[in-house]
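The next block holds one structure in the form of structure tokens; read it before the comments.
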Amino acid sequence: MTTIDLVSYEDALASYDPVMGLEVHVELGTRTKMFCGCSTELGAEPNSQTCPTCLGLPGSLPVVNAIGVESAVKIGLALHCEIAEWCRFARKNYFYPDMPKNFQTSQYDEPIAFNGYLDVQLEDGEVFRVEIERAHMEEDTGKSTHVGGATGRIHGASHSLLDYNRAGIPLIEIVTKPIEGAGERAPEVAKAYVAELRELIKALGVSEARMEMGQMRCDVNLSLRPNGTEKFGTRSETKNVNSLRSVERAARFEIMRHAAVLSSGGTIVQETRHFHEEDGSTTAGRIKDNAEDYRYFPEPDLVPVAPAREWVEELRKGLPELPRVRRNRLREEWGVSEHDMQSILNAGAVDLIVATIEAGADAASARKWWMGELARRANEAGTDLAALEITPVQVARVCALVAEGSLNDKLARQVIEGVLAGEGDPDAVVAARGLAVVSDDSALGTAVDEAIAANAGIADKIRAGKVAAAGALVGAVMKATRGQADAARVRELILERLGVEG
Amino acid sequence: MPGITREEVAHLARLARLELKDEELDHFAGQLDDIIGAVARVSEVADQDVPPTSHPLPLTNVMRADEIRPSLTPQEALSGAPAQEQQRFKVPQILGED
């Protein structure tokens with residue numbers, strides 16, 4: 001493998017202007033495949049979810065999944081696209097073992113949705129509009145396992161094994177128009193676009209869009225042109241960049257690589273490239289086929305799709321609030337900064353906090369527990385917040401117990417620990433562990449008297465008017481009661497006993 | 001006349017993974033050229049009033065509910081496979097060493 005002397009990012013941008021095109025494939029969350037009734041359930045044993053249609057056996061006929069079409073229209077509408085009044089599927093012909101039919105059923109010159117945009121918000125709040133070229137319906141391919149090579153890669157493999165459970169799962173491919181004018185922020189725009197698209201897809205409920213599960217995959221097309229020129233340079237296409245961070249890194253790497261090639265007088269080859277997670281680099285794949293080599297033609301086995309205007313309008317009315325609009329609304333309602341909101345989003349806590357507030361908590365408390373104690377525990381466990389064994393309703397109950405004074409923060413953390421350990425609802429944990437705050441004067445009185453007796457010097461200072469010193473005695477009482485005392489009441493009792501006004 | 005050249009036939013044969021001998025290329029190029037010529041005459045007859053047709057039936061929106069139907073068993077699915085391993089279709093090396 002040849003190593004490239006990269007040009008630094010700053011130097012690359014000093015001479016060149018990046019133009020990007022992003023292609024995102026989203027696996028829909030339908031129960032069945034796009035053109036047959038086979039299940040799409042993940043994790044099934046190999047080749048247990050296939051039929052003559054998705055195996056491409058002679059005589060089988062596809063029929064399109066109604067929810068697949070509906071999801072495509074919803075995505076198109078949410079991306080402000082026009083929805084085709086009439087469109088067809090097309091066969092994309094190629095020989096490769098991942099597609100047993102030897103063609104992929106896709107759409108070619110008649111996508112179901114076209115000409116839209118998605119506004120994405122960068123971390124500093126700047127909004128960048130990404131124009132959408134098209135969104136079209138197609139199907140996923142089978143899963144290959146390469147055997148015999150050193151690293152499970154296709155190069156050097158002696159043979160490959162195919163599981164066609166995934167072949168035929170509905171995909172929507174969303175293609176941007178060339179993204180120009182992002183300049184040095186191009187990698188950041190790419191990442192923000194994919195992140196926003198993912199939020200949108202999730203909000204529409206058409207897919208869980210989990211990138212780590214391959215439910216959403218991104219190809220990054222990138223070219224450079226000398227600053228001040230119009231004509232696009234030759235592009236490279238980095239395939240299957242499958243995390244938000246990787247999208248940003250791939251774009252950044254390609255900018256530096258292209259700049260290195262161009263500034264040394266070389267030319268960029270139009271090719272696909274593979275992204276390497278370990279070091280963020282890309283390496284050459286195959287030289288890109290020309291489109292006509294796929295010999296697209298209208299799929300004769302499927303009739304055209306003609307979404308009725310009334311139906312499209314009905315779907316438009318049913319669209320949820322767009323994620324960016326919703327986030328900005330929540331940010332104002334919660335009174336948090338752009339930066340904090342970004343952290344909440346990155347932590348996957350937006351919906352959890354919303355649900356906790358809906359269950360009765362105030363915004364500040366809901367945010368405090370999810371972004372504090374719970375985020376810490378999720379981090380420790382190496383899991384998502386949503387995967388923690390605690391519900392928003394339970395968190396809201398903890399907030400309520402704190403608000404009414406039954407728990408202090410220290411005890412609340414123990415209650416959360418109990419809930420996470422499967423000890424039941426917060427009230428059950430409080431009862432079982434005996435965690436309620438003690439504010440009963442007779443129970444606290446002894447501890448207060450002992451604290452005063454053991455700290456005579458401090459008690460004298462307080463008697464002499466140094467009320468601030470009471471904190472030390474409160475601390476002693478808290479320690480003696482293992483944190484279960486009502487600190488405010490303890491303070492009152494101490495001052496009362498010492499004859500001082502609070 | 002649109003027609004098709006011998007080079008185009010060779011290219012298509014490669015894309016379709018068909019191994020054609022030189023004389024076959026000559027033979028098929030001539031035949032395919034005739035067929036394309038014959039089909040092209042349809043567009044001469046069809047005027048503006050005849051829209052392009054990809055389906056013989058005036059049907060649209062034939063869809064199925066998103067309901068699971070039984071699949072083949074893995075054994076049935078693999079029954080026609082020339083080779084199999086680990087309940088998967090076994091295929092020859094896809095890419096050679098670069």
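Residue numbers (the UniProt record's numbering), protein chains in the order written: chain U, 1 to 502; chain V, 1 to 98.
Think of the CB as a built atom: it goes at the ideal place given N, C-alpha and C, for glycine as much as any other residue.
Remember, predicted model here, so these are calculated numbers, not experimental data.
Cutoff 8 angstroms: residue i Cβ touching any chain V Cβ
i               : result
L409 of chain U : The residue you asked about is not Leu; residue 409 of chain U is Asp in the sequence shown. So, not an interface residue.
V63 of chain U  : yes
D163 of chain U : yes
N47 of chain U  : yes
T53 of chain U  : no
C418 of chain U : What sits at residue 418 of chain U in the sequence shown is Gly, not Cys. Chain V contact via Cβ: absent.
P97 of chain U  : yes
A72 of chain U  : no
R88 of chain U  : yes
A84 of chain U  : no
V69 of chain U  : yes
T145 of chain U : yes
P298 of chain U : yes
T50 of chain U  : yes
H136 of chain U : no
I172 of chain U : no
I112 of chain U : no
S160 of chain U : yes
For residue i, the nearest candidate out of the options (CA to CA)
i               : options                        : result
E82 of chain U  : U:V64, U:M256, U:A113          : U:A113
M137 of chain U : U:G116, U:A90, U:E126, U:G418  : U:A90
G183 of chain U : U:D486, U:G405, U:E10, U:N408  : U:E10
S246 of chain U : U:A192, U:A432, U:A436         : U:A192
A29 of chain V  : V:V39, V:A13, V:S43            : V:A13
L162 of chain U : U:H146, U:G156, U:V175         : U:H146
G457 of chain U : U:T446, U:A470, U:G499         : U:A470
F95 of chain U  : V:P82, V:V9, V:L15, V:I35      : V:L15
G483 of chain U : U:V419, U:Q414, U:Q121, U:L498 : U:Q414
L57 of chain V  : U:G68, U:K177, U:V303          : U:V303
R225 of chain U : U:R249, U:S263, U:E248, U:E277 : U:S263
M20 of chain U  : U:G475, U:E133, U:S60          : U:E133
A40 of chain V  : V:V9, V:Q31, V:G3              : V:G3
Q86 of chain V  : U:I75, U:P62, U:S160, U:D427   : U:S160
G360 of chain U : U:E389, U:L6, U:Q394           : U:Q394
A453 of chain U : U:S60, U:A443, U:I494, U:G56   : U:I494
T53 of chain V  : U:C87, U:G142, U:R489, U:G318  : U:C87
Residue i at chain U interface by Cβ criterion, 8 angstroms
i              : result
P92 of chain V : yes
E97 of chain V : Because the pLDDT at E97 of chain V is just 42, under 50, the model does not fix this residue reliably, and the point stays unresolved.
P74 of chain V : yes
M1 of chain V  : Below a pLDDT of 50, predicted positions are generally treated as unreliable, and M1 of chain V, at 46, falls in that range; no measurement from the model is reported.
V62 of chain V : yes
R41 of chain V : no
D47 of chain V : no
Q86 of chain V : yes
I68 of chain V : yes
A38 of chain V : no
S79 of chain V : no
P82 of chain V : no
Supposed contact pair residue j and residue i - C-beta distance, whole angstroms, cut 8 angstroms
i               : j               : result
A451 of chain U : V477 of chain U : 5 angstroms
D486 of chain U : V437 of chain U : 5 angstroms
A186 of chain U : P46 of chain U  : Actually they do not touch by this definition, with Cβ atoms about 40 angstroms apart.
A259 of chain U : A12 of chain U  : 3 angstroms
G29 of chain U  : E208 of chain U : 6 angstroms
E237 of chain U : R273 of chain U : 7 angstroms
L204 of chain U : P307 of chain U : Incorrect: roughly 16 angstroms between the Cβ atoms, too far for contact.
R433 of chain U : G445 of chain U : R433 of chain U to G445 of chain U, Cβ: 24 angstroms. No contact.
R324 of chain U : D119 of chain U : 6 angstroms
ask   = Between the region 7 to 35 of chain V and chain U, which residues of the former have a C-beta closer than 7 angstroms to a C-beta of the latter?
value = L15, R17
Under 8 angstroms (Cβ pairs) to chain U, residues found in the region 49 to 60 of chain V = S54, H55, L57, L59, T60
ask   = At a cut of 8 angstroms, does the region 456 to 463 of chain U reach the region 419 to 427 of chain U through at least three beta carbon pairs?
value = no
query = Counting pairs of Cβ atoms below 8 angstroms between the region 228 to 236 of chain U and the region 268 to 284 of chain U, do you hit three or more?
reply = yes
ask   = Below 8 angstroms, can you find three or more Cβ-Cβ pairs linking the region 164 to 177 of chain U to the region 26 to 33 of chain U?
value = yes
task = Determine contact between the region 19 to 26 of chain U and the region 46 to 59 of chain U, defined as no fewer than three beta-carbon pairs at a distance below 8 angstroms.
result = no
query = Do three or more CB pairs link the region 331 to 343 of chain U to the region 376 to 384 of chain U at distances below 8 angstroms?
reply = no
ask   = Would the region 189 to 209 of chain U and the region 96 to 116 of chain U be scored as touching if the rule is three or more Cβ pairs under 8 angstroms?
value = no
request  = Below 9 angstroms between beta carbons is the criterion; list the residues of the region 301 to 319 of chain U that meet it against any residue of chain V, in chain order.
outcome  = L302, V303, P304, V305, A306, P307, A308
message = Is it the case that the region 275 to 286 of chain U contacts the region 296 to 306 of chain U, given that we only count it when at least three CB pairs across the two stretches are under 8 angstroms?
response = no
inquiry  = When you compare the region 319 to 330 of chain U with the region 80 to 90 of chain V, are there three or more beta-carbon pairs, one atom per stretch, that lie closer than 8 angstroms?
reply    = no
ask   = the region 253 to 277 of chain U: which residues have C-beta closer than 7 angstroms to a C-beta of chain V, in chain order?
value = none
Interface residues of the region 27 to 39 of chain U facing chain V [CB-CB below 7 angstroms] = T30, R31, T32, G37, C38, S39
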